[in-house]
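Counting with full-length UniProt numbering, you get residues 1 to 94 for the letters of the sequence shown.
The beta-carbon is built from N, C-alpha and C at its ideal position, and this holds for glycine as well.
Worksheet: one structure, shown below.
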Amino acid sequence: MLSPDQSTTVLLETMAGKIGLERLKSIHLNDSLNPCGSHKDRHVCIGQGCIGLGALTRVINHPQLRHLPFILETPNELAGYAQEIALLRDNFLD
């Protein structure tokens with residue numbers, strides 16, 4: 001099993017190999033109800049899914065990604081959407 005930091009490195013290496021990090025213009029960000037590889041796109045509130053707040057925090061703060069705009073896509077019909085935005089902002093290191 002990969003450590004959280006190794007997982008972030010593997011993610012970046014995969015993106016670099018498939019499309020090139022220089023071609024990334026934005027990142028679609030969400031937590032997931034289902035684990036990686038399930039081929040299901042079911043979003044849940046940040047920190048309540050299989051990805052988790054720790055992994056998402058590592059992504060938004062990664063030196064090669066933090067300059068990009070992040071598009072938050074979580075269930076906005078649920079109460080707490082504004083709190084999710086605040087949660088991510090609170091975890092974004094200046």
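Pick from Q83, E22 and A55 that is closest to C36, judged by C-alpha positions: For the purposes of this step, residue 36 is taken as residue 36 along the sequence shown, with counting starting at 1. Cα-wise, what sits closest to C36 is A55.
Contact under 7 Å by Cβ, T57 with N91: Here residue 57 is taken as the residue at index 57 of the sequence shown, counted from 1. Here residue 91 is taken as the residue at index 91 of the sequence shown, counted from 1. A contact, by the Cβ cut-off of 7 Å.
L68 vs S32 beta-carbon contact at 7 Å: Locating residue 68 in the sequence shown gives position 68, where the first residue counts as 1. Locating residue 32 in the sequence shown gives position 32, where the first residue counts as 1. The answer is no: Cβ separation not under 7 Å.
Inter-residue spacing [alpha-carbon to alpha-carbon] between H43 and Y81: Walking along the sequence shown from the start, residue 43 turns up at place 43. Walking along the sequence shown from the start, residue 81 turns up at place 81. Cα to Cα, H43 sits roughly 13 Å from Y81.
Every unbroken alpha helix (DSSP H) inside the segment 1-52 [4 residues or more]: 4-18
Supposed contact pair I46 and L88 - C-beta distance, whole angstroms, cut 8 Å: Position 88 of the sequence shown holds residue 88. Position 46 of the sequence shown holds residue 46. Confirmed, about 6 Å.
First and last residue of the uninterrupted alpha helix (DSSP H) at L68: The residue you call residue 68 lines up with position 68 of the sequence shown. Where L68 is concerned, there is no enclosing alpha helix (DSSP H), given that its DSSP letter is neither H nor E.
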